[in-house]
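The structure under discussion appears below in the form of structure tokens.
2 protein chains.
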Amino acid sequence: MSRTIRTDGPIPVYVQIADYIAADIKAGRIKPGYAIPSETSMVQEFGVARDTARRAVQHLRDQGLVRTIPHRGTFVEPVDAAE
Amino acid sequence: MSRTIRTDGPIPVYVQIADYIAADIKAGRIKPGYAIPSETSMVQEFGVARDTARRAVQHLRDQGLVRTIPHRGTFVEPVDAAE
DNA sequence: CTGTATTTGTTCGTATGTATT
DNA sequence: AAATACATACGAACAAATACA
Numbered sequence: 285m286s287r288t289i290r291t292d293g294p295i296p297v298y299v300q301i302a303d304y305i306a307a308d309i310k311a312g313r314i315k316p317g318y319a320i321p322s323e324t325s326m327v328q329e330f331g332v333a334r335d336t337a338r339r340a341v342q343h344l345r346d347q348g349l350v351r352t353i354p355h356r357g358t359f360v361e362p363v364d365a366a367e
Numbered sequence: 285m286s287r288t289i290r291t292d293g294p295i296p297v298y299v300q301i302a303d304y305i306a307a308d309i310k311a312g313r314i315k316p317g318y319a320i321p322s323e324t325s326m327v328q329e330f331g332v333a334r335d336t337a338r339r340a341v342q343h344l345r346d347q348g349l350v351r352t353i354p355h356r357g358t359f360v361e362p363v364d365a366a367e
């Protein structure tokens, strides 16, 4: 898995991260009801600030792909929820 | 012992706390094998958030001065471990 | 064996300041 | 000016392991 983050291009870092996770969801690598990586693990995995990781999660929420439960995590929605 | 925390300067609070504890270690006030103050006690003593106390401990770990045992505490390493 | 207290682990929420683009 | 990104800091909730009475 490349999962390279580019800061020199036109695509915001948070969108790039969200896209990676969205791809995981759509490919079934993270199934409905299961948690996506925590903000902290995104920070570690992608080497970004937590602020950026949060934006990525927000982006996924905006697309209806996930739902966050405070202090628990962010979970993949049922497949039909993102339509 | 002053141990004043300054929030108006350029030195992060967590670094200031770590420096205080590092000084205690280097002065022999906390000996190898013994525990440094818990996160909770740092919160109380310095009036900071736990997040900040944890950063201070992390900073000490990064310097090789201490080692954390989960659910037990954080302990001073042997003197030669920090070289 | 059974609680209770202590301690670190983990997670998201919120805010501020700075720098860069 | 506005959006993006990083770093710092405080809050809050709950989990889990450990230690001990």
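In the order they appear, the protein sequences are chains D and G.
Counting with the working numbering, you get residues 285 to 367 for the letters of the first sequence.
Counting with the working numbering, you get residues 285 to 367 for the letters of the second sequence.
Glycine included, each C-beta is placed from N, C-alpha and C at the ideal position.
- Leaving aside the five residues that flank alanine 340 of chain G on each side, the residues in its chain whose CB is nearer than 6 Å to its CB run, in chain order, Tyr298, Ile301, Ala302.
- Apart from the 5 residues on each side of it in sequence, alanine 306 of chain D sits with its Cβ closer than 8 Å to the Cβ of Leu344, Gln347, Leu349 in its chain, given in chain order.
- Residue pairing by DSSP places threonine 352 of chain G opposite G:Thr358 in a beta bridge.
- If you draw a straight line from the Cα of alanine 333 of chain G to the Cα of threonine 324 of chain G, it is about 9 Å long.
- For phenylalanine 359 of chain G against glycine 317 of chain G, the beta-carbon gap comes to about 6 Å, under 8 Å, which counts as contact.
- Relative to the Cα of serine 322 of chain G, the nearest Cα in the group G:Lys315, G:Arg338, G:Ile309, G:Ser286 belongs to G:Arg338.
- Counting only the Cα atoms, lysine 310 of chain D lies some 45 Å from methionine 326 of chain G.
- CA-to-CA, the gap between isoleucine 295 of chain G and isoleucine 320 of chain D works out to about 35 Å.
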